[in-house]
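> Last residue of the sequence shown? That's 117 in the numbering used here, and every number before it is there in order.
Below you will find the structure I want to go over with you.
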Amino acid sequence: MIVRVFEDKHSLSEAAAEQASAAVRRAVIVATRASQLDFIDALTNAKNNDWQRVEMFHLDEYVGLPISHPAIFRKYLLDRLIHKVGIKRYHFLDGSDHPAEVVRRVGEAL
């Protein structure tokens with residue numbers, strides 16, 4: 008196992024994005040916790056991805072909140088990933104819908 012140590016969160020995010028961007032070809036599952044935000048920014052700045060061919064799946068969301076709520080992750084993904092790089096196919100976890108229905112829909116898409 009290779010272990011790499013980085014000076015800070017930014018350099019870690021840049022290195023992780025560079026490595027991940029080489030692997031992103033058809034689908035990506037995106038987490039939106041605070042630890043992932045720098046990584047998402049770095050990944051969207053990578054120039055070697057054809058994002059229009061990538062299908063995005065959303066990993067986490069608050070239950071019971073509409074997309075208009077300021078803490079919602081769907082809005083973040085729309086603004087900082089989907090619209091930024093032009094992803095055409097994406098599957099949100101809709102926190103305002105019934106959880107079992109959301110799981111069924113996204114499960115079928117996977």
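Heads up, the beta-carbon is just placed ideally off N, CA and C, and yes, glycines get one too.
In this text the structure is predicted, and so the values were computed from the model without any measurement.
Count the other CB atoms within 10 Å of the CB of Ala78; is the residue buried (16 or more) or exposed (fewer)?
As a first step, residue 78 is located in the sequence shown; it is residue number 71 there, counting from the start. The residue in question, Ala78, is exposed, as its Cβ has fewer than 16 Cβ neighbours within 10 Å.
> Specify, as a first and last residue, the run of the alpha helix (DSSP H) that Phe46 falls within.
Here residue 46 refers to the residue found at position 39 of the sequence shown. Where Phe46 is concerned, the enclosing alpha helix (DSSP H) stretches over 41 to 52.
> Over what stretch of residues does the alpha helix (DSSP H) that includes Val31 continue unbroken?
Numbered from 1 along the sequence shown, position 24 holds the residue referred to as residue 31. Segment: none, Val31 is in no alpha helix (DSSP H) and carries neither H nor E.
> Runs of 4 residues minimum, wholly inside the region 72 to 104: which ones carry the alpha helix (DSSP H) assignment?
80 to 84
> Note down, in chain order, each residue of its chain lying with its Cβ closer than 6 Å to the Cβ of Ala49, except the 5 sequence neighbours on either side.
Indexing the sequence shown from 1 puts residue 49 at position 42. Correct list, in chain order: Ser20, Glu21, Ala24.
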